[in-house]
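Visitor:
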Amino acid sequence: MPCLQGQGGWDICNDVIWSNNDVPKMQKFLSLQMRGQEGSFDKNTALLNLQHEADKGMSSDSFIKNRKQLTHGDKRRKLLLEAVERTLLSAQPDRLIKNSLILKGNKLTIKTEKKTQTFNLEEFEKIHVLGWGKASGRMAEQIERILPVEGGAVNILKGTHFKTNKITLHPAEHPIAGKGSLQGTRRILEYAESIGKEDLVICLLSGGGSAMLSLPCEGVELEEKQRVVDALMRAGADIKELNTVRKHLSNVKGGRLAQKLYPATVVNLILSDVVGDPLDVISSGPTVPDHSTFHDAKKVLMKYNLWDSSKACRVIEEGIRGLREETPKNGRTFKKVHSFIIGSNRTALLAAAQFLKLRGVKHTTISNIHGDATEVGRMFAGLLRKGKSFVAGGETTVKVTGNGVGGRNQEVALSCAIEIEGADAVFTSFGTDGIDGNSPAAGAIVDGSTISNARKQKLNPAEFQKNNDSYNFFKKIGGCIITGATGTNVNDVMIGISKKR
Numbered sequence: 046m047p048c049l050q051g052q053g054g055w056d057i058c059n060d061v062i063w064s065n066n067d068v069p070k071m072q073k074f075l076s077l078q079m080r081g082q083e084g085s086f087d088k089n090t091a092l093l094n095l096q097h098e099a100d101k102g103m104s105s106d107s108f109i110k111n112r113k114q115l116t117h118g119d120k121r122r123k124l125l126l127e128a129v130e131r132t133l134l135s136a137q138p139d140r141l142i143k144n145s146l147i148l149k150g151n152k153l154t155i156k157t158e159k160k161t162q163t164f165n166l167e168e169f170e171k172i173h174v175l176g177w178g179k180a181s182g183r184m185a186e187q188i189e190r191i192l193p194v195e196g197g198a199v200n201i202l203k204g205t206h207f208k209t210n211k212i213t214l215h216p217a218e219h220p221i222a223g224k225g226s227l228q229g230t231r232r233i234l235e236y237a238e239s240i241g242k243e244d245l246v247i248c249l250l251s252g253g254g255s256a257m258l259s260l261p262c263e264g265v266e267l268e269e270k271q272r273v274v275d276a277l278m279r280a281g282a283d284i285k286e287l288n289t290v291r292k293h294l295s296n297v298k299g300g301r302l303a304q305k306l307y308p309a310t311v312v313n314l315i316l317s318d319v320v321g322d323p324l325d326v327i328s329s330g331p332t333v334p335d336h337s338t339f340h341d342a343k344k345v346l347m348k349y350n351l352w353d354s355s356k357a358c359r360v361i362e363e364g365i366r367g368l369r370e371e372t373p374k375n376g377r378t379f380k381k382v383h384s385f386i387i388g389s390n391r392t393a394l395l396a397a398a399q400f401l402k403l404r405g406v407k408h409t410t411i412s413n414i415h416g417d418a419t420e421v422g423r424m425f426a427g428l429l430r431k432g433k434s435f436v437a438g439g440e441t442t443v444k445v446t447g448n449g450v451g452g453r454n455q456e457v458a459l460s461c462a463i464e465i466e467g468a469d470a471v472f473t474s475f476g477t478d479g480i481d482g483n484s485p486a487a488g489a490i491v492d493g494s495t496i497s498n499a500r501k502q503k504l505n506p507a508e509f510q511k512n513n514d515s516y517n518f519f520k521k522i523g524g525c526i527i528t529g530a531t532g533t534n535v536n537d538v539m540i541g542i543s544k545k546r
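Residue 298 in the numbering used here sits at position 253 of the sequence shown; the count goes up by one each step and never skips.
(1) When you compare only the Cα positions, how much space is there between Y236 and G197?
(2) In this structure, does DSSP put V326 in helix, strand or coil?
(3) Could you tell me which of N144, R291 and G176 sits nearest to T209, measuring between CA atoms?
(4) Quick check on the DSSP output: what are the complete alpha helix (DSSP H) runs of length 4 or more inside the stretch 407-448, in order along the chain?
(5) Taking only three categories from DSSP, how would you classify N483?
(6) DSSP on L148, reduced to helix/strand/coil?
(7) Would a C-beta distance cut-off of 8 Å place Q114 and G422 closer than the cut-off?
(8) From the beta carbon of G422, is the nearest beta carbon of chain C less than 8 Å away?
(9) Just grab the DSSP bridge partners of M278 for me.
(10) Given this structure, state the Cα-to-Cα distance separating D106 from L153, to the nearest angstrom.
(11) Here's the rule I'm using: 16 or more other beta-carbon atoms within 10 Å means buried, otherwise exposed. How should T230 be labelled?
(12) Can you list, in chain order, the residues of its chain with a C-beta nearer than 8 Å to that of L504? Leave out the 5 residues immediately preceding and following it.
(13) Measuring CA to CA, which of G150, L234 and N200 is closest to P193?
(14) Tell me whether I387, by its Cβ, gets closer than 7 Å to a heavy atom of the ligand NAD.
(15) Are E170 and G241 closer than 8 Å when you measure CB to CB?
(16) Across the stretch 324-335 and the stretch 250-268, are there enough close Cβ pairs to call them in contact, namely three or more that are closer than 8 Å?
(17) For the beta strand (DSSP E) that contains T473, what are its first and last residues?
(18) Just to confirm, are D492 and G452 a CB contact at a threshold of 8 Å?
(19) To the nearest angstrom, report how far apart G405 and A426 are at their CA atoms.
(20) Candidates E456, V436 and E286: which alpha carbon is nearest V445's?
(21) Out of D469, G364, Q502 and A487, state which residue places its alpha-carbon closest to the alpha-carbon of K120.
(22) Please report the residue range of the alpha helix (DSSP H) in which D341 lies.
(23) Looking at the secondary structure, which residues open and close the alpha helix (DSSP H) in which G225 lies?
(24) By alpha-carbon positions, which one of L351, T310 and R291 ends up nearest to V326?
(25) What is the DSSP secondary structure of A217, reduced to helix, strand or coil?
(26) Measuring only the C-alpha atoms, how far is L267 from T495?
(27) Kindly list the residues whose CB is nearer than 6 Å to the CB of A398, restricted to its own chain and excluding five residues on each side of it in sequence; keep chain order.
(28) Which of the three DSSP states is assigned to D353 in this structure?
(29) When the Cβ atoms of the stretch 177-189 are set against those of the stretch 204-221, are three or more pairs found closer than 8 Å?
(30) Reducing DSSP to helix, strand and coil, say where C358 ends up.
(31) Strictly by DSSP, which residues pair up with V333?
(32) Tell whether a beta-carbon distance below 8 Å holds between K110 and T528.
(33) So which of A303, E466 and G223 has the shortest CA-CA distance to F379?
(34) Since S114 is in the alpha helix (DSSP H), which residue starts that stretch and which ends it?
(35) Suppose the cutoff is 6 Å on Cβ atoms and the five residues either side in sequence are ignored; what does the same chain contact list for K343 look like?
(36) How many angstroms separate the CA atom of K381 from the CA atom of T372?
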């Protein structure tokens with residue numbers, strides 16, 4: 046299990062995936078790693094220090110609207126909330142684009158952690174911008190500041206506001222595609238028709254794009270697709286499963302938009318909200334080869350007992366029988382497509398890790414967290430009870446059986462709170478997009494006194510948990526983290542600080 050040690054007794058464990066059955070194994074592994082031993086200086090430490098230098102002088106209190114009400118006079122709760130601010134700041138799309146794109150004369154260099162490539166802009170007649178996702182608004186604003194853009198069409202999150210001069214912005218719904226998503230997608234396709242073969246297309250992709258770039262295939266109405274997607278979400282399907290079905294009920298997802306842009310040169314600037322950063326899953330991969338099939342889509346629907354005689358299932362069955370064209374896999378369509386991940390969950394974790402390190406908190410950083418939200422919360426509680434502090438990232442799932450208000454991060458936090466009752470520890474789980482499930486909160490913050498305080502108010506945590514009503518629980522006891530839409534989305538972050546620092 047690869048683990049890169051840094052200075053001061055903190056570790057970064059890359060690509061560690063824990064299933065719900067791995068909790069004892071995980072706790073044992075982390076106990077071995079969290080001994081505070083001095084490690085050698087590595088590239089991760091260098092990256093974190095550079096990030097810290099870049100952040101100097103910038104405000105760190107602009108995200109959490111109810112921050113003062115959440116501290117409860119506790120220094121560690123205050124520290125945890127400061128870590129949340131630092132994390133959100135690091136994932137802002139305008140700063141990520143600014144740090145990744147370098148324009149010198151007519152040479153555009155795009156530099157990320159894993160890839161660097163230079164484009165000669167003299168080789169292109171025009172530069173166009175297309176985009177979709179929760180971060181697309183800020184990305185579009187920053188692109189206009191850097192490049193001589195001819196024009197473009199970008200779908201932004203409904204209810205948010207941005208200003209561009211040449212790029213047309215259109216509001217789109219999330220998490221379920223709506224009429225705005227359809228109208229905006231049609232505008233993008235109309236704009237795509239004006240793009241020439243010698244043009245450069247900058248595509249801005251970010252989390253939420255699957256709902257915000259939506260055009261159902263022939264034979265499926267919007268309402269039908271909404272029903273299927275909602276049913277999968279409520280059943281607890283993960284993002285890969287969800288997007289496998291979406292791609293095979295769409296006219297733009299799964300590489301189909303790339304087909305419409307060919308033979309223009311396409312540059313994808315991606316803000317990843319998916320564990321492991323698979324290009325074909327982020328925003329359902331409209332401009333990259335698709336690795337899933339109609340057969341895979343059917344398997345997902347059967348797994349969650351959603352395979353029936355509906356129009357959506359008939360379309361997928363027609364695809365299996367060869368009556369509908371499969372999503373493009375590889376070939377000439379993608380020869381002039383270049384993809385760059387300019388930010389991801391790792392970006393946020395590095396920022397949180399650096400912040401805690403500078404505050405003297407010894408901890409482990411764990412990536413690729415996934416699984417049932419309640420079980421993950423219990424797992425984190427086990428670590429905190431053993432005196433372990435940590436930064437973690439990923440995405441959990443919730444099987445919705447109640448009719449309450451909440452989201453996966455608040456479910457994780459409530460589960461953790463129940464298990465750490467009486468312990469000297471604080472914990473938070475939050476979505477970097479600022480929107481957790483069907484609630485107005487980004488997540489929640491808890492400590493060892495959360496449950497006892499709830500009981501004093503005659504609240505039964507188990508009842509709220511059973512009804513998937515975590516938001517109303519935290520609203521009553523003062524634990525909801527309220528940010529509103531943050532303008533970014535790099536998945537979820539969980540941070541825990543125990544007494545042993």
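Every residue gets a Cβ at the ideal spot worked out from N, C-alpha and C, and that includes glycine.
Guide: The answer reads as follows:
(1) 7 Å
(2) coil
(3) For the residues N144, R291 and G176, the minimum Cα distance to T209 belongs to G176.
(4) For the stretch 407-448, whole alpha helix (DSSP H) runs of length 4 or above, ordered along the chain, are 418-430.
(5) coil
(6) strand
(7) One thing to note: Q114 has its Cβ no nearer than 8 Å to the Cβ of G422.
(8) The structure shown contains no chain C; it is built from a single protein chain.
(9) Answer by DSSP bridge pairing: none, since M278 is not bridged.
(10) Legend: pLDDT at D106 = 46, less than 50; position of this residue unreliable, value from coordinates given subsequently. Taking the straight line joining both Cα atoms gives about 34 Å.
(11) buried
(12) F518, K521 and I522
(13) G150
(14) Here there are no bound small molecules, and the ligand NAD is not part of this structure.
(15) Their beta carbons are under 8 Å apart, which means E170 touches G241 by this criterion.
(16) yes
(17) A470 to G476
(18) no
(19) 21 Å
(20) E456
(21) Of D469, G364, Q502 and A487, the residue nearest in Cα terms is D469.
(22) Counting along the chain, the alpha helix (DSSP H) containing D341 begins and ends at F339 to K348.
(23) K224 to A237
(24) R291
(25) strand
(26) 42 Å
(27) Hits under 6 Å: T410 and V436.
(28) coil
(29) yes
(30) helix
(31) BP columns for V333 are empty, so no partner.
(32) yes
(33) A303
(34) Sequence inspection shows Gln at residue 114; the Ser mentioned does not correspond to that position. Unbroken alpha helix (DSSP H) run through Q114: R112 to L115.
(35) I361
(36) 18 Å
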